[in-house]
Each structure stands twice: as structure tokens, then as C-alpha cells.
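S.K.:
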Amino acid sequence: MAHPDYVARLQDGASSGSPSTPVVDAETLVFQLKTPWANGTTSLVLSPTELIEKLAALVPPPRLNLVRYRGVLAPACPDRAQIVPGPSPLTQPDDAQNGRRVHRVSWAKLLARVFQYDVMCPSCSGRMKILTALIKPGSVRA
Numbered sequence: 005m006a007h008p009d010y011v012a013r014l015q016d017g018a019s020s021g022s023p024s025t026p027v028v029d030a031e032t033l034v035f036q037l038k039t040p041w042a043n044g045t046t047s048l049v050l051s052p053t054e055l056i057e058k059l060a061a062l063v064p065p066p067r068l069n070l071v072r073y074r075g076v077l078a079p080a081c082p083d084r085a086q087i088v089p090g091p092s093p094l095t096q097p098d099d100a101q102n103g104r105r106v107h108r109v110s111w112a113k114l115l116a117r118v119f120q121y122d123v124m125c126p127s128c129s130g131r132m133k134i135l136t137a138l139i140k141p142g143s144v145r146a
């Protein structure tokens, strides 16, 4: 059985614009519709469980695109290449070696991007290397 305070809060927050949504009893909620439906229905009578079922049906499944393309914009359409522009030409990163693309970003570039802190060597402006990473607080001596 739903707690009366919960039902009252549900009544105030989930009503469709009408602050005076009547509660028939602790297990029945009545929602007034703003405009009548085509069949003449002007209100919905739901239990809290039915309300949760209807709200849960609106939640999209996990890991599924919310926008699905059909027709010419569909991924497998043969005419898609004529409508959608192709990929932009890739620019070579600074760290490209032997024609291979580097799949990770160096820690120096990450620090520069996140904290706006340039960690290049002050004397030669070259890349700095991590010599030691101190993990335990007791390993640092004053």
C-alpha cells in the first residue's frame, strides 16, 4: 500500500497541469486530461502501479539509438552517399610515426587540454618523461 504522503506528492507533481487532481483513495489516482480524447475520455483513473508501468514504458532501452533513420538517411541505403557528405579528410597528428595513427593522447597533451598547464621542458621545449609516480603518501620525505 502506498504511503499517503507519497500519493499526495505524486498527485501534485505528476498531474497534467491541474493542481486539484482528486485521489479517490490511497490506491487510486485520477488525472484530468487537458483536452478530451477522440472517444470522449476526460480523465484517467490509475493505481500507483499502473502509473509506474506507463512511465516505465516511456524509458528507452539501454544502448539503443533514440533516433532511427529510414529511407535515404538509413545506413544501408544505396543512395545515402548522394545525400550525406562523406567523411572529412583526416589531419595527421603531431605524434604520427611511420605512417601509423596514434590511438592515444599523450599525458602532456591531456594536462594541457584539461588544466591549461603546459608540461613541456622549460629549457629545450621538448617532451618531458615521467620518472617516478608516487602513490603512497608515506613514500614522500620532507
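My numbering puts the first residue of the sequence shown at 5, with every later residue one more than the last.
For glycine and all other residues, C-beta sits at the position ideal for the given N, C-alpha and C.
1) According to DSSP, simplified to helix, strand and coil, what is S47?
2) Identify the residues that DSSP records as bridge partners of D4: which are they?
3) At the level of alpha carbons, what is the spacing between S92 and Q86?
4) If L135 sits next to V123, beta carbons under 8 Å apart, how far is it from one beta carbon to the other, in whole angstroms?
5) How about P64 and L55: are their beta carbons less than 9 Å apart?
6) To the nearest angstrom, report how far apart L77 and F119 are at their CA atoms.
7) Please go through the same chain and pick out, in chain order, the residues whose beta-carbon is closer than 8 Å to the beta-carbon of V88, but skip the five residues on each side of it.
8) Would you tell me roughly how many angstroms separate the C-alpha atoms of A137 and Y121, rounded to the nearest one?
9) Figure out for me which residue from A42, N43 and S47 has the closest Cα to the Cα of V34.
10) Where K140 and V109 are concerned, what is the direct C-alpha to C-alpha distance, given to the nearest angstrom?
M.R.: With the given structure in hand:
1) Three-state DSSP puts S47 in a strand.
2) There is no way to answer for residue 4, as the model of the chain reaches only from 5 to 146.
3) Those two C-alpha atoms are separated by around 15 Å.
4) The Cβ separation is near 13 Å, so there is no contact.
5) Here P64 is not near L55, since their CB atoms are 9 Å or more apart.
6) Rounded to whole angstroms, L77 to F119 spans 40 Å at the Cα level.
7) Within the same chain, V88 has close Cβ partners L77.
8) Here the C-alpha atom of A137 lies approximately 18 Å from the C-alpha atom of Y121.
9) It is S47.
10) Put simply, the backbone Cα of K140 is about 26 Å away from that of V109.
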